[in-house]
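**Q** Numbering (the working numbering), first residue to last: 33 to 479.
Note that beta-carbon positions come from the ideal geometry of N, C-alpha and C, so glycine has one too.
Note that the structure is a prediction, hence the values are computed from the model and not measured.
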RNA sequence: GUGACCGUAGCUCAAGGGUAGAGUCCCGGAUUGUGAUUCCGGUUGUUGUGGGUUCGAGUCCCAUCGGUCACCCCA
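1. Quick test of your reading: residue 32 and residue 345, contact by CB under 8 Å. State the CB separation rounded to the nearest angstrom.
2. On the three-pair Cβ rule with 8 Å, is the stretch 176-188 touching the stretch 342-361?
3. Drop a sphere of 10 angstroms on the beta-carbon of residue 324, count the other beta-carbons inside from all chains shown, and report buried for 16 or more, exposed for fewer.
4. Note down the Cα distance separating residue 168 from residue 137, rounded to an integer number of angstroms.
5. For the alpha helix (DSSP H) containing residue 386, name the first residue and the last one.
6. Could you name the residues of the same chain whose beta carbon sits closer than 7 Å to that of residue 413, not counting the 5 residues immediately before and after it, in chain order?
7. Quick one: grab the DSSP three-state call for residue 377.
8. Using 10 angstroms around the beta-carbon of residue 131, count the other beta-carbons present and answer buried if the total reaches 16, otherwise exposed.
9. Name the two residues that bound the continuous beta strand (DSSP E) containing residue 464.
10. Please state if the CB of residue 335 and the CB of residue 159 are separated by a distance shorter than 8 Å.
11. Does the stretch 273-285 come within contact of the stretch 239-248, defined as at least 3 CB pairs closer than 8 Å?
12. Only counting the same chain, and skipping five residues up and downstream in sequence, which positions put a Cβ closer than 8 Å to that of residue 411?
13. Does the contact criterion of 3 or more C-beta pairs under 8 Å hold for the stretch 306-313 versus the stretch 203-210?
14. Roughly how many angstroms lie between the CA atoms of residue 372 and residue 329, to the nearest whole one?
15. For residue 96, tell me which candidate among 150, 146, 49, 110 has the shortest Cα-Cα distance.
16. Express the C-alpha separation of residue 67 and residue 465 in angstroms, rounding to a whole number.
17. Should the stretch 193-203 be called in touch with the stretch 214-230, which here means at least 3 C-beta pairs below 8 Å?
18. Buried or exposed for residue 157, going by 16 or more other Cβ atoms inside 10 Å?
19. What residue from 40, 269, 147 has the CA that sits closest to residue 296's CA?
20. From the DSSP output, which residues share a beta bridge with residue 342?
21. Give, in chain order, every unbroken run of the beta strand (DSSP E) that is at least 3 residues long and sits entirely within the stretch 176-260.
22. Tell whether a beta-carbon distance below 8 Å holds between residue 144 and residue 60.
23. Would you mind listing the alpha helix (DSSP H) stretches within the stretch 42-96 that are 4+ residues and don't spill past its ends, in chain order?
24. Report the partner residues of residue 438 according to the DSSP bridge assignment.
25. DSSP state of residue 152, grouped into three classes?
26. Less than 8 Å separating the beta-carbons of residue 215 and residue 225?
27. Between 128, 166, 449, which has its C-alpha nearest residue 350's C-alpha?
28. Which residues in the same chain as residue 271 place their Cβ atom closer than 6 Å to its Cβ, once the five residues preceding and following it in sequence are excluded?
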């Protein structure tokens with residue numbers, strides 16, 4: 033028979049072996065636990081939304097996947113003609129909040145961990161895929177939003193990456209209003225400001241000569257001075273002083289200063305965050321504080337978490353003014369990069385810790401009883417269900433990383449005993465059947 | 001979408017125009033009940049696909065598909 037070649041679609045290629053999936057799930061669990069620790073509430077939204085919702089921000093339509101049934105006919109239904117896959121979690125959130133405004137408690141703090149899809153050219157080396165997970169938190173309020181919300185976000189980030197134990201990281205903050213004032217100060221032509229911001233965004237990735245050339249092409253008269261200001265690393269206080277010294281809009285600088293001060297109050301250590309004027313963020317809906325987070329030892333990984341403040345989340349859907357602040361962790365990219373850099377702990381290869389070897393079919397019930405007793409005591413246990421030699425069952429246990437094997441056959445059962453084997457130390461001891469739970473616990477967790 | 005490079009076993013790679021190979025992985029075995037290593041044996045392929053040149057093509061030429069990387073943009 034002609035076989036269909038088992039293969040994946042380019043960009044839709046992030047599937048893992050079971051032990052990697054366990055590792056990935058652990059990462060999601062860690063993120064979720066930290067989000068909930070700060071009181072964020074979970075929501076999920078459908079994978080597909082109406083096209084006009086997704087394009088409401090006037091977005092990049094070529095990146096959006098539209099829905100279509102493979103066998104589309106005359107009876108084409110509404111969902112498959114009007115729908116498209118979400119490309120982020122922020123637009124669905126805006127739609128969600130606009131729809132359910134009366135049912136939600138504000139300030140609304142939600143987290144959402146789901147897949148999104150983008151029709152861009154994938155590049156695995158850059159952790160860039162067509163299907164990937166985002167982990168978002170947002171705080172949204174009606175009419176106004178405390179500056180404390182902007183300061184709390186880095187605190188959550190700090191908790192998440194602190195617990196991940198992936199080395200020193202730096203939460204870099206900036207403020208859109210400050211950037212705007214800077215552009216004015218440096219006499220950037222209004223029409224070119226978006227292009228200039230894109231250039232400035234690359235300031236720490238590209239050589240100075242190229243940046244300067246690009247800036248001049250965009251009509252920036254004092255390109256060198258601007259470049260120098262962006263690239264000089266200063267303490268938070270020094271940066272604020274430098275900005276004040278330039279005579280920028282004091283309101284903008286003051287806002288940045290207040291956020292920085294509040295971040296400190298949230299207990300985020302000075303070493304873990306700082307003002308970085310080169311943080312720009314391409315997305316134009318940010319209006320205040322913006323964030324990017326990078327690993328100190330692996331800056332080439334790029335930002336592993338980014339976001340910012342926006343003045344009106346759902347202006348396309350409702351007249352209610354809904355200011356908010358949020359960030360997104362690109363978990364698929366982060367996972368692939370951490371794996372590549374060897375920063376992830378070696379994962380368990382099985383969620384179970386004990387394997388009940390079935391040596392002799394006559395004792396099936398005893399094996400099952402044993403497993404039930406262990407599970408009842410909270411020990412994840414698997415029973416080997418196939419007929420196989422003891423040797424092969426132990427090889428299986430080894431490959432899957434069980435820590436304990438329970439071995440019993442005619443000899444043991446005749447004496448009402450079971451052999452409890454520690455697969456790591458390769459030692460074994462017989463125990464009375466009724467003490468099997470205690471014996472396994474001791475083997476797993478010590479006396 | 002634009003440009004450059006690359007397609008040989010599940011994976012990593014070899015084969016000067018003359019019969020497609022190695023390592024690894026996987027599977028089985030090494031006398032009846034113990035997972036590393038070792039030893040023995042085994043499956044591996046329309047050489048991405050389709051044409052062309054040639055007595056003969058994995059190798060040369062053309063096309064096509066796929067992949068990788070850079071740019072754009074982003075997580």
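**A** Based on what the coordinates show:
1. Lying before the first or after the last residue shown, residue 32 is absent from the chain, which here runs from 33 to 479.
2. yes
3. buried
4. 19 Å
5. Note, residue 386: premise wrong, no alpha helix (DSSP H); beta strand (DSSP E) at 386-388.
6. 384, 386, 388, 403, 406, 407
7. coil
8. exposed
9. 459-464
10. no
11. no
12. 385, 386, 469, 472, 473, 476
13. yes
14. 14 Å
15. 150
16. 44 Å
17. no
18. exposed
19. 269
20. 356
21. 201-207
22. no
23. 50-69, 83-86
24. 388, 452
25. coil
26. yes
27. 128
28. 307
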